[in-house]
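Residue numbers (mature numbering (1 follows the signal peptide of the UniProt record, and there is no 0)): -21 to -1, 1 to 312.
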C-alpha cells in the first residue's frame, strides 16, 4: 500500500548490494549476507497530505529535503535542521512551468526539477533549476524533450541531464522521440540529443534482444520514437552518462563533453531452461519447487547506478523480471 507519510531514518549500517552479471555469464559474485539487527532507526515522520513521497533529494547547504509531490503538482520542502523535528515549509508549485513534476536532484546549492507538459506526448517539457537558498525565483528554465522523467546532476555539478521518456499518447496516434537533455549550468544553455542516428541499426540491435515494437497510427515506429529513456547514472569523473531504456531492454552511453550518444547496448535475455536460473513458477502452494522451464525473459531495468571497485567502473541495474537480484556490467564499452 502506498503511504503519504515521509519517514526520517538514521542510517545504522552501510549495505552492500549482491550482484550477478548480465546475460547469464559465469562471472558471478557470492551473495552478501546482511547481519541481523536494526539497520535503520526511525527518528521522525511527517505527513505530506495526499501525495506519495517517492523521489527526494537533500541539500546539505540549507538542510532541506526536496520531495516530489505529484498530487500537489509541487516540490515539498522539508527542513531537516533537526531530523527529530522535521518542518514542512512552503511548497514549490510547478504549474507555472507545465503539467506536473517527475523528478528532483540537488548538487552544489542548486535544485533541478523535471516538469512534464500538460500534453506530455504533444509538447516538450522543462527542467527548472533553483538556487536552494532562493526558491521563489528560478535560476533558469530550460526546454527539455517530451516527458522529462528523471533529472541528474553530474558529480562536478557542471551539467544537469534529463531523461526524456517520450511516451506515446493513449491511443498511440502520437509517439514523440525519446531523448536526453544536457544543461550547462554555468552558461545556462541546453542541448537535447536524440537517437535518430541509430535508426539504421535497428535490425542489428533487435537481433541481440533490443526491443523496438511500437506503432503510430498502425505504422511501425522508428527506433528513435520507440526508445524511452528512463533513468541516468554518471561516472565519477563526470565524463560519461548511462541511460537505461527499460521498455527496450537496453541502455545507452553518452559522452557528456561532445554531447553525443555513442552507443546502445542490448541486455539480452535470461534463460530459465538452465539449472542456475531454475525458479518456482507457482504461487498456488506453500512449498518451494525450483525447476527449469523453456522460458526466456527480458531484463528491462527501470533504474541504473554507477560505482567503482579498486578504480574500475561498473554500472548496476535491477533486473525487472527478477527483483531479488541486481545485474552489473563493466562500463569500459
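Beta carbons: idealized from backbone N, C-alpha and C, even for Gly.
Buried or exposed (CB count within 10 angstroms, at least 16 for buried), residue i
{"i": "residue 103", "result": "buried"}
{"i": "residue 249", "result": "buried"}
{"i": "residue 95", "result": "buried"}
{"i": "residue 272", "result": "exposed"}
{"i": "residue 154", "result": "buried"}
{"i": "residue 37", "result": "exposed"}
{"i": "residue 99", "result": "buried"}
{"i": "residue 101", "result": "exposed"}
{"i": "residue 296", "result": "buried"}
{"i": "residue 64", "result": "exposed"}
{"i": "residue 105", "result": "buried"}
{"i": "residue 41", "result": "buried"}
{"i": "residue 237", "result": "exposed"}
{"i": "residue 160", "result": "buried"}
{"i": "residue 84", "result": "buried"}
{"i": "residue 230", "result": "buried"}
{"i": "residue 66", "result": "exposed"}
{"i": "residue 20", "result": "exposed"}
{"i": "residue 287", "result": "exposed"}
{"i": "residue 235", "result": "buried"}
Which of helix, strand or coil DSSP assigns to residue i
{"i": "residue 146", "result": "coil"}
{"i": "residue 173", "result": "strand"}
{"i": "residue 305", "result": "In this prediction, residue 305 has a pLDDT of 47, which is less than 50 and means its spatial position is unreliable; what the coordinates show is noted afterwards. Note: residue 305 maps to strand in three-state DSSP."}
{"i": "residue 181", "result": "helix"}
{"i": "residue 287", "result": "strand"}
{"i": "residue 27", "result": "coil"}
{"i": "residue 19", "result": "strand"}
{"i": "residue 165", "result": "coil"}
{"i": "residue 67", "result": "strand"}
{"i": "residue 295", "result": "strand"}
{"i": "residue 160", "result": "strand"}
{"i": "residue 263", "result": "coil"}
{"i": "residue 270", "result": "strand"}
{"i": "residue 312", "result": "Legend: pLDDT at residue 312 = 41, less than 50; position of this residue unreliable, value from coordinates given subsequently. Reduced to three states, the DSSP call for residue 312 is coil."}
{"i": "residue 51", "result": "coil"}
{"i": "residue 277", "result": "strand"}
{"i": "residue 6", "result": "At residue 6, the pLDDT of 42 sits below 50, so the modelled position is not reliable; the number obtained from the coordinates is stated separately. Residue 6 falls in the coil class under three-state DSSP."}
Bridge partners - residue i, DSSP secondary structure assignment
{"i": "residue 56", "result": "45"}
{"i": "residue 38", "result": "43"}
task = Give, in chain order, every unbroken run of the beta strand (DSSP E) that is at least 3 residues long and sits entirely within the segment 183 to 235.
result = 208 to 213, 219 to 224 and 229 to 234
message = Would you call the segment 250 to 265 in contact with the segment 199 to 213, where contact means no fewer than 3 C-beta pairs closer than 8 Å?
response = no
key: Unbroken stretches of the beta strand (DSSP E), 3 residues or longer, contained in the segment 79 to 144   = 79 to 86, 89 to 95, 105 to 110, 119 to 122, 127 to 132 and 138 to 143
ask   = Can you find at least 3 beta carbon pairs, one from the segment 192 to 199 and one from the segment 116 to 129, that sit closer than 8 Å?
value = no
query = Could you give the uninterrupted runs of the beta strand (DSSP E) lying entirely in the segment 234 to 260, keeping only those of 3 residues or more?
reply = Runs of the beta strand (DSSP E) inside the segment 234 to 260: 239 to 245 and 248 to 250.
inquiry  = So, does the segment 266 to 275 touch the segment 162 to 181, judging by three or more C-beta pairs under 8 Å?
reply    = no
task = Give a yes or no on contact between the segment 137 to 153 and the segment 179 to 192, applying the rule of three or more CB pairs nearer than 8 Å.
result = no
ask   = Okay, do the segment 104 to 121 and the segment 144 to 153 touch, 3+ Cβ pairs below 8 Å being the bar?
value = no
key: Touch test, the segment 217 to 236 against the segment 282 to 302, Cβ-Cβ under 8 Å, three pairs minimum   = yes
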